[in-house]
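Trainee: If you use the working numbering, the sequence shown corresponds to residues 13 to 677, in order. Just so it is clear, CB atoms sit at the ideal spot from N, CA and C, and this is done for glycine as well. Predicted model only: the values in this text are computed from it and were never measured.
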Amino acid sequence: MNVWAAKAERFNVTQVLVEGNTLLPDAQLAELMAPLVGKRRVVDDVARTRLSLKNAYRRAGFPDVEVNVPEQKLLGGIIKLRVVERIRVVAMENKDAAPDMPFVTAEAKPALSSPVESVSPSPPEAQHVEAISAAGAAPATEEIRDERFSIKQFLIEGNTLLPPEKLAGLAAPFVGEKKVYGDVQRALEAVEGAYRAEGYNTVQVYVPEQELTHGAVKLQVSEGVIDKVTVTGNKYFSTKNVRDGLPALKEGVAPNARQLSKNIQLSNDNAAKQVEVILGMSEEEGKIDAKVAVTEENPLKYSLTIDNTGSGATGKHRTGLAYQHANLFDLDHTLTLAYTTSPDAPKGVTVNILSFAYRLPLYGLGDSLDMVYGKSSVNTPSVQSTGFGLTGKGDVFALRFNHYFARRGEYSAKIAFGFDYKYFNTRCSINGVAQSFEPPVPAIASCTPHTARPISVTYSGQKQGAAAMLDYNIGLSYNLPLGNKYLSNGSFDYYSFIAGRPVEDHFSVLRFGASYLTVMFTDWQVKAAISAQYTNTGLIAGEQFGLAGSNAVRGFTERAAAADRGEMLNFEAYSPELAKQLNIPGSLRGVLFYDISHGRNIGVVAPTPATAGSLAMAAAGFGLRYSLQKDLNIRADVAQVAKAGPPGTEAQGEWRGHFSMLFSF
Numbered sequence: 013m014n015v016w017a018a019k020a021e022r023f024n025v026t027q028v029l030v031e032g033n034t035l036l037p038d039a040q041l042a043e044l045m046a047p048l049v050g051k052r053r054v055v056d057d058v059a060r061t062r063l064s065l066k067n068a069y070r071r072a073g074f075p076d077v078e079v080n081v082p083e084q085k086l087l088g089g090i091i092k093l094r095v096v097e098r099i100r101v102v103a104m105e106n107k108d109a110a111p112d113m114p115f116v117t118a119e120a121k122p123a124l125s126s127p128v129e130s131v132s133p134s135p136p137e138a139q140h141v142e143a144i145s146a147a148g149a150a151p152a153t154e155e156i157r158d159e160r161f162s163i164k165q166f167l168i169e170g171n172t173l174l175p176p177e178k179l180a181g182l183a184a185p186f187v188g189e190k191k192v193y194g195d196v197q198r199a200l201e202a203v204e205g206a207y208r209a210e211g212y213n214t215v216q217v218y219v220p221e222q223e224l225t226h227g228a229v230k231l232q233v234s235e236g237v238i239d240k241v242t243v244t245g246n247k248y249f250s251t252k253n254v255r256d257g258l259p260a261l262k263e264g265v266a267p268n269a270r271q272l273s274k275n276i277q278l279s280n281d282n283a284a285k286q287v288e289v290i291l292g293m294s295e296e297e298g299k300i301d302a303k304v305a306v307t308e309e310n311p312l313k314y315s316l317t318i319d320n321t322g323s324g325a326t327g328k329h330r331t332g333l334a335y336q337h338a339n340l341f342d343l344d345h346t347l348t349l350a351y352t353t354s355p356d357a358p359k360g361v362t363v364n365i366l367s368f369a370y371r372l373p374l375y376g377l378g379d380s381l382d383m384v385y386g387k388s389s390v391n392t393p394s395v396q397s398t399g400f401g402l403t404g405k406g407d408v409f410a411l412r413f414n415h416y417f418a419r420r421g422e423y424s425a426k427i428a429f430g431f432d433y434k435y436f437n438t439r440c441s442i443n444g445v446a447q448s449f450e451p452p453v454p455a456i457a458s459c460t461p462h463t464a465r466p467i468s469v470t471y472s473g474q475k476q477g478a479a480a481m482l483d484y485n486i487g488l489s490y491n492l493p494l495g496n497k498y499l500s501n502g503s504f505d506y507y508s509f510i511a512g513r514p515v516e517d518h519f520s521v522l523r524f525g526a527s528y529l530t531v532m533f534t535d536w537q538v539k540a541a542i543s544a545q546y547t548n549t550g551l552i553a554g555e556q557f558g559l560a561g562s563n564a565v566r567g568f569t570e571r572a573a574a575a576d577r578g579e580m581l582n583f584e585a586y587s588p589e590l591a592k593q594l595n596i597p598g599s600l601r602g603v604l605f606y607d608i609s610h611g612r613n614i615g616v617v618a619p620t621p622a623t624a625g626s627l628a629m630a631a632a633g634f635g636l637r638y639s640l641q642k643d644l645n646i647r648a649d650v651a652q653v654a655k656a657g658p659p660g661t662e663a664q665g666e667w668r669g670h671f672s673m674l675f676s677f
């Protein structure tokens with residue numbers, strides 16, 4: 013890879029080679045380079061090391077020395093820094109200037125341009141002192157080190173990106189009498205730092221050759237605009253598609269690293285495409301070239317799924333078929349259609365679950381829009397002895413607007429604004445006669461359809477280090493009620509009658525989740541995860557916190573218990589890679605786990621098995637994780653109940669297995 017990768021690509025650094033240095037001792041160089049050596053470094057680490065070395069020369073009395081990062085391939089973890097020690101100091105006689113006012117010029121060029129091999133001629137009245145090596149540089153620098161001159165203003169030329177008054181304000185503290193070249197250098201660094209702070213990392217500021225008259229010092233800005241953009245590796249995604257996903261890369265414009273980072277994150281959210289942007293020197297001085305490397309696969313994909321997340325009443329297994337196209341209209345639009353049913357449903361039971369998802373990237377904004385619709389229909393026939401039949405149907409529509417923040421080193425984040433429409437069609441019949449759910453008091457509370465419309469905001473972040481990864485999310489939702497009001501405890505509201513206890517119409521829920529994964533000795537991995545939900549009111553069943561199931565406390569049937577408030581902890585330890593030892597393709601790891609959850613229901617007057625005031629569950633077990641590229645994923649867990657839940661769920665000591673498989677083609 014190229015060390016100028018704009019993407020937050022990580023690489024290992026084993027050695028830093030500094031070329032062209034004759035001024036600083038090797039021991040000092042080694043000390044300055046040491047922080048860069050290590051695993052999972054990013055481009056910002058290289059930039060900081062370059063700046064540290066440049067400042068070291070300045071402190072040693074060589075402010076004109078330039079430190080560049082040449083375009084290079086990172087081979088064997090070795091990074092090269094190039095030092096340009098050419099220094100030029102000219103003492104200038106000028107009748108309009110004070111007799112002791114020196115003229116200073118530095119042949120420093122932008123870090124992305126080639127080193128200058130010759131010094132342009134000075135006016136004939138100038139006296140030249142050139143230093144090409146340590147032997148020549150030291151006397152000249154010592155000679156003018158105490159020379160002082162007046163600076164009345166800084167003239168900043170070449171800027172088109174930032175407000176001129178902002179740059180002038182940054183240079184203003186270095187204006188005054190009896191200044192030295194170090195003040196010019198500090199003004200230069202302040203101006204250059206302003207570009208860095210705004211994300212313009214290709215911008216370089218230098219002191220051009222000039223005649224210092226009337227106390228005016230020129231600073232030249234080289235904005236490092238893009239000369240050429242090259243796209244490679246794309247077959248299924250057109251070059252226009254790739255370029256449209258990176259609007260921050262435009263010929264003739266200086267790239268903004270923040271915007272480019274957001275572009276890359278959004279482009280790489282596509283399941284079939286990953287891009288890497290590499291910035292390097294152009295053949296034209298002062299400009300850069302951008303190379304976009306694309307890693308892709310066929311955006312058209314079919315998937316088969318099977319798991320045992322069902323129940324005895326509706327069939328223990330679920331099978332599904334999904335279709336996905338990740339590049340509709342060559343615009344990165346992603347369409348997903350899925351159908352799920354039960355292959356072993358009891359006679360007379362039908363299970364039909366349909367879902368539709370559409371993802372729309374908004375590259376101009378750096379954001380995306382997700383739309384999801386799901387329709388569930390599960391019919392359970394009447395039991396002959398009671399004549400009681402259930403119709404479990406419902407519709408869910410979800411809308412998410414995702415805003416991505418620019419990466420900051422190892423940290424990435426986004427915020428999602430959401431709106432959900434959830435219709436729970438819980439109608440039922442007795443002896444074939446549909447039960448009324450008309451206000452004020454329906455016949456059966458649990459057979460009363462109802463609707464929730466929560467709006468939400470969720471912030472999520474991820475930090476990935478050399479051997480660890482932390483991700484978390486926190487969100488708040490607020491319900492906008494819809495439907496009929498029913499009489500409960502002498503007053504009318506939307507949900508209390510249905511839940512059998514007080515539920516606020518405009519209920520709000522705070523949700524939180526986090527996980528931490530770290531690599532231990534001999535390739536063991538340990539993961540700890542927590543999820544929680546908090547509310548100050550009772551909730552309808554569809555908004556409660558699930559305490560048990562294959563993705564909660566294992567060893568229990570799916571959502572065997574739920575509560576208004578709840579917390580859950582999952583601890584997992586993954587074995588070293590086993591596939592190579594068994595001589596099989598893909599990746600195979602064993603896992604040991606322990607799950608525990610606790611829940612509380614609010615406003616429970618007369619506890620029942622379904623609405624206990626407080627409940628806790630726990631289980632421990634082992635399993636396997638197998639994957640073959642992106643084509644096959646298998647998960648299998650076996651858990652033993654360590655702490656039983658409410659009555660009607662698995663008892664303490666019972667064993668239960670969980671299995672799921674995803675096959676894509």
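Measure the C-alpha to C-alpha separation of L261 and P267 and round it to an integer number of angstroms.
Mentor: For the purposes of this step, residue 261 is taken as the residue at position 249 of the sequence shown. For the purposes of this step, residue 267 is taken as the residue at position 255 of the sequence shown. Rounded to whole angstroms, L261 to P267 spans 6 Å at the Cα level.
Trainee: Using three-state DSSP, classify Q27 as helix, strand or coil.
Mentor: Against the sequence shown, residue 27 aligns to sequence position 15. Q27: strand per DSSP, three-state reduction.
Trainee: Let me know the alpha helix (DSSP H) ranges lying completely inside the region 324 to 354, each 4 residues or longer, listed in chain order.
Mentor: none
Trainee: Under DSSP, the beta strand (DSSP E) around I168 begins and ends at which residues?
Mentor: Position 156 of the sequence shown, counting from 1, holds the residue named residue 168. Where I168 is concerned, the enclosing beta strand (DSSP E) stretches over Q165 to E169.
Trainee: Give me the DSSP bridge partner(s) of Y212.
Mentor: Working through the sequence shown from its first residue, we reach residue 212 at position 200. None; Y212 has no bridge partner.
Trainee: How many Å lie between T346 and N282 at the Cα?
Mentor: Residue 346 sits at position 334 when you count from the first residue of the sequence shown. Residue 282 sits at position 270 when you count from the first residue of the sequence shown. Cα to Cα, T346 sits roughly 8 Å from N282.
Trainee: May I have the straight-line CA-CA distance separating L200 from R62, to the nearest angstrom?
Mentor: The residue you call residue 200 lines up with position 188 of the sequence shown. The residue you call residue 62 lines up with position 50 of the sequence shown. In a straight line, the C-alpha of L200 is about 16 Å away from that of R62.
Trainee: Where DSSP assigns a beta bridge to L559, which residues make up the other side?
Mentor: Residue 559 sits at position 547 when you count from the first residue of the sequence shown. In the DSSP output, where bridge partners are listed per residue, L559 has none listed.
Trainee: Using 10 angstroms around the beta-carbon of S562, count the other beta-carbons present and answer buried if the total reaches 16, otherwise exposed.
Mentor: Stepping through the sequence shown from its first residue, residue 562 is reached at position 550. Counting Cβ neighbours within 10 Å, S562 comes out buried, since at least 16 surround it.
Trainee: Could you check how far apart the C-beta atoms of R577 and T547 are, in whole angstroms? I think they sit under 8 Å.
Mentor: The sequence position of residue 577 within the sequence shown is 565, counting from 1. The sequence position of residue 547 within the sequence shown is 535, counting from 1. R577 to T547, Cβ: 6 Å. Contact.
Trainee: Can you tell which of K299, H518 and A480 has the C-alpha that lies nearest to the C-alpha of E83?
Mentor: In the sequence shown, the residue the question calls residue 83 occupies position 71. Checked all of K299, H518 and A480; the closest Cα to E83 is K299.
Trainee: What residues in its chain sit with their C-beta under 6 Å from that of Y433, if we drop five residues either side in the sequence?
Mentor: Translated into the one-based positions of the sequence shown, residue 433 becomes position 421. Closer than 6 Å at the Cβ level, and outside the excluded window around Y433, lie F409 and R465.
Trainee: So what's E589 in DSSP terms, helix, strand or just coil?
Mentor: Position 577 of the sequence shown, counted from the first residue, corresponds to residue 589. Correct three-state label for E589: coil.
Trainee: Just the C-alpha distance for A209 and A180, rounded to the nearest angstrom, thanks.
Mentor: Start at 1 with the first residue of the sequence shown, and residue 209 comes out as number 197. Start at 1 with the first residue of the sequence shown, and residue 180 comes out as number 168. Answer to the nearest angstrom: the Cα atoms are 16 Å apart.
Trainee: When the Cα atoms are used, what is the spatial distance from R255 to N275?
Mentor: If you number the sequence shown from 1, residue 255 lands on position 243. If you number the sequence shown from 1, residue 275 lands on position 263. R255 and N275: Cα-Cα distance of roughly 10 Å.
Trainee: At which residue ranges does the region 476 to 541 contain complete beta strand (DSSP E) runs of 3 or more residues, listed in the order of the chain?
Mentor: Counting whole runs of 3 or more residues, the region 476 to 541 contains the beta strand (DSSP E) stretches 480 to 491, 498 to 500, 503 to 505 and 520 to 531.
Trainee: Compare the Cα-Cα distances from V603 to each of D301, Q641 and A648 and report the closest residue.
Mentor: On the sequence shown, position 591 is the one that residue 603 refers to. The candidate whose alpha carbon is nearest that of V603 is A648.
Trainee: I'd like to know if the region 664 to 674 and the region 585 to 595 are in contact, where contact means that at least 3 CB-CB pairs between them fall below 8 Å.
Mentor: At 8 Å Cβ cutoff, the stretches do not touch.
Trainee: Determine whether the beta carbon atoms of H610 and E579 lie at a separation below 8 Å.
Mentor: Within the sequence shown, numbered from 1, the residue matching residue 610 stands at position 598. Within the sequence shown, numbered from 1, the residue matching residue 579 stands at position 567. Yes, the Cβ-Cβ distance between H610 and E579 is below 8 Å.
Trainee: Can you find a C-beta in chain C that's less than 8 Å from the C-beta of A418?
Mentor: The chain inventory of the structure shown lacks chain C, comprising one protein chain alone.
Trainee: On the CB-based measure, 16 or more other CB atoms within 10 Å of its CB, does F115 come out buried or exposed?
Mentor: As a working note, residue 115 is residue 103 in the sequence shown. Confidence in F115 is poor, its pLDDT being 30 and thus under 50, which makes the residue's placement unreliable; the coordinate value appears in the next sentence. Label assigned to F115: buried.
Trainee: Nearest-angstrom Cα distance between T242 and K85?
Mentor: Sequence index remark: in the sequence shown, residue 242 carries index 230 (1-based). Sequence index remark: in the sequence shown, residue 85 carries index 73 (1-based). Taking the straight line from one Cα to the other gives about 17 Å.
Trainee: Could you tell me the distance, in whole angstroms, from the CA atom of R601 to the CA atom of F429?
Mentor: Counting from one through the sequence shown, the residue named residue 601 turns up at place 589. Counting from one through the sequence shown, the residue named residue 429 turns up at place 417. C-alpha separation (whole angstroms): 37 Å.
Trainee: What would DSSP say about T251, mapped onto helix, strand or coil?
Mentor: On the sequence shown, residue 251 is found 239 positions in, with the first residue counted as 1. Note: T251 maps to helix in three-state DSSP.
Trainee: Within 10 angstroms of the Cβ of V237, are there 16 or more other Cβ atoms? Answer buried if so, exposed if not.
Mentor: The count along the sequence shown starts at 1 and reaches residue 237 at position 225. V237 counts as buried, since at least 16 other C-beta atoms from the protein chains shown sit within 10 angstroms of its C-beta.
Trainee: Between which residues of its own chain and G496 is the CB-CB distance below 6 Å, once the five residues before and five after are set aside?
Mentor: Taking the first residue of the sequence shown as 1, we reach residue 496 at position 484. Sequence check: residue 496 is Asn here, not Gly. The residues are P451.
Trainee: By how many angstroms is the C-alpha of L174 removed from the C-alpha of N213?
Mentor: If you number the sequence shown from 1, residue 213 lands on position 201. If you number the sequence shown from 1, residue 174 lands on position 162. In this structure, the straight-line span from the alpha carbon of N213 to that of L174 is close to 13 Å.
Trainee: Within 10 Å of its beta-carbon, does K247 have 16 or more other beta-carbons around it, so buried, or fewer, so exposed?
Mentor: What you label residue 247 is simply residue 235 of the sequence shown in a count that begins at 1. It counts as exposed.
Trainee: By the three-class DSSP mapping on this structure, what secondary structure does I614 have?
Mentor: Looking up residue 614 in the sequence shown gives position 602. Correct three-state label for I614: coil.
Trainee: Closest to D356 by CA distance: which of T326, Y375, A350 and Y498 is it?
Mentor: The count along the sequence shown starts at 1 and reaches residue 356 at position 344. Out of T326, Y375, A350 and Y498, T326 has the C-alpha closest to the C-alpha of D356.
Trainee: Ignore the nearest five residues each way along the sequence and tell me which others in A654's own chain have a CB closer than 6 Å to its CB.
Mentor: Indexing the sequence shown from 1 puts residue 654 at position 642. Closer than 6 Å at the Cβ level, and outside the excluded window around A654, lie A630, A631 and A632.
Trainee: Look at the alpha carbon of S448 and the alpha carbon of A455, and state the distance between them as a whole number of angstroms.
Mentor: Your numbering for residue 448 matches position 436 in the sequence shown. Your numbering for residue 455 matches position 443 in the sequence shown. If I take the Cα positions, the gap works out to 6 Å.
Trainee: Any idea if G264 is buried or exposed, counting beta-carbon neighbours within 10 angstroms, 16 or more meaning buried?
Mentor: On the sequence shown, residue 264 is found 252 positions in, with the first residue counted as 1. By the neighbour-count rule (16 or more Cβ atoms within 10 Å), G264 is not buried but exposed.
Trainee: Under 8 Å Cβ to Cβ from N310, same chain only, skipping five residues before and after it: list those, please.
Mentor: Position 298 of the sequence shown, counted from the start, is the residue given in the question as residue 310. Answer for N310: Y248 and A284, listed in chain order.
Trainee: Does the structure place the region 514 to 528 close enough to the region 478 to 490 that three or more beta carbon pairs sit under 8 Å?
Mentor: yes
Trainee: In whole angstroms, give me the CA-to-CA distance for Y528 and K475.
Mentor: Here residue 528 is taken as the residue at index 516 of the sequence shown, counted from 1. Here residue 475 is taken as the residue at index 463 of the sequence shown, counted from 1. Distance between the alpha carbons of Y528 and K475 is about 10 Å.
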